[in-house]
Amino acid sequence: MITTASELWDENFDWAVEHCGLMQDRRELRAVCHEMRGVRPRRVLEIGSHKGGWIAAVADTCRVGTIYVGVDALDAWKQPRAQVQCRVHWIKTHWLTHKGDYDATLDKVRAILPVVDVLHIDGDHSYRSVRGDWETYAHLVRPGGLVIFHDMMSRRHDGPRRFLDEMRRALKYRAWCDWLCEYFHPPHGMGVAILRRAADDRDTE
Ligand SMILES: C[S@@+](CC[C@H](N)C(=O)[O-])C[C@H]1O[C@@H](n2cnc3c(N)ncnc32)[C@H](O)[C@@H]1O
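Going by the numbering used here, the sequence shown wraps up at 495, each residue one higher than the last.
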């Protein structure tokens, strides 16, 4: 029996859901992986890393030797299952606890990753937190790098949607990003937006 790359990806997705509490829609995450492959990241930062399900599921898009930093308000990552996939793909992981002080967490992140290829914002989905996450970490993303927002279409939290709508209207954000796409697969999808940082994003506001 021949196992295709797509079947392997599905198996890995199911494994991450079962063992690492992955909270993503299969088709939306496939789209994210497709875009991440275009970037071939080696420096990945996730806000709201939970039990590491996301990095386990996207690990095969990362280059050998990738450094991953997962930040979470809780010590949920103490479940080490995600490490298995990260080891297979030679990803070095660092797990940080965010205790509410953005400056303190940023200092710790920057000490490991001064520059980021992919930033995944998937922590607290209130408007205030999404905005705080963006303002704290988006400047670390290199030109051509990606920022991924999860839960764009959540019925419970309007933070990501509100923040992205605000970005669309503000010139400085429009200058920051030269490409944006959104994926949404109802009924189970939660919506994901992917923004690419422009090569030249001089502040125009
Ligand atoms: C929806 S879950 C993340 C799911 C994970 N990214 C995935 O794809 O499976 C949200 C996580 O964000 C964490 N969280 C909540 N507030 C946060 C904050 N201010 N900063 C960082 N993480 C936060 C929660 O503890 C929770 O683990």
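C-beta: ideal position from N, C-alpha, C; glycine also. What you are looking at is a predicted structure, and each value in this text was computed from that prediction instead of being measured.
Inspect the CB distances between the stretch 323-339 and the stretch 350-361 and report whether three or more fall short of 8 angstroms.
yes
Contact check, Gly479 vs Asp315 under 8 angstroms by CB: the rounded distance?
4 angstroms
Span of the alpha helix (DSSP H) holding His324?
Arg316 to Val329
Assuming His429 contacts Val482 under a Cβ cut-off of 8 angstroms, what Cβ separation, rounded to an integer in Å, is found between them?
His429 to Val482, Cβ: 22 angstroms. No contact.
Distance check for Cys352 and Gly435, CA to CA, integer angstroms please.
13 angstroms
Taking contact to mean at least 3 C-beta pairs separated by less than 8 angstroms, is the stretch 404-414 in contact with the stretch 380-387?
no
Using the rule of at least 16 other Cβ atoms within 10 Å of the residue's Cβ for burial, across every protein chain shown, is Thr395 buried or exposed?
buried
Determine whether the beta carbon atoms of Asp414 and Ala363 lie at a separation below 9 angstroms.
yes
Label Asp393 either buried or exposed according to how many other C-beta atoms from any shown protein chain fall within 10 Å of its C-beta, with 16 as the threshold for buried.
exposed
Candidates Arg459, Arg418, Arg327 and Gly338: which alpha carbon is nearest Gly311's?
Gly338
Judging by CA-CA distance, which residue of Arg432, Pro433 and Asp455 is the nearest neighbour of Met442?
Asp455
Terminal residues of the continuous beta strand (DSSP E) containing Ile337?
Arg333 to Ile337
Coil, strand or helix - Ile381 by DSSP
coil
Bridge partner(s) assigned by DSSP for Val405:
DSSP output for Val405 lists no bridge partner at all.
Do you know offhand how far Arg432's Cα is from Arg445's?
32 angstroms
Which residues does DSSP pair with Arg360 in a beta bridge?
The residue asked about is misnamed: residue 360 is Gly in this sequence, not Arg. Bridge partners of Gly360: Glu336 and Trp385.
Leaving out five residues on either side along the sequence, give the residues of the same chain with a beta carbon under 7 angstroms from the beta carbon of Arg327.
Thr351
Would you give the residue range spanned by the alpha helix (DSSP H) that Phe453 belongs to?
Gly449 to Arg459
Could you tell me if the beta carbon of Leu409 falls within a distance shorter than 8 angstroms of some heavy atom in ligand 1?
no
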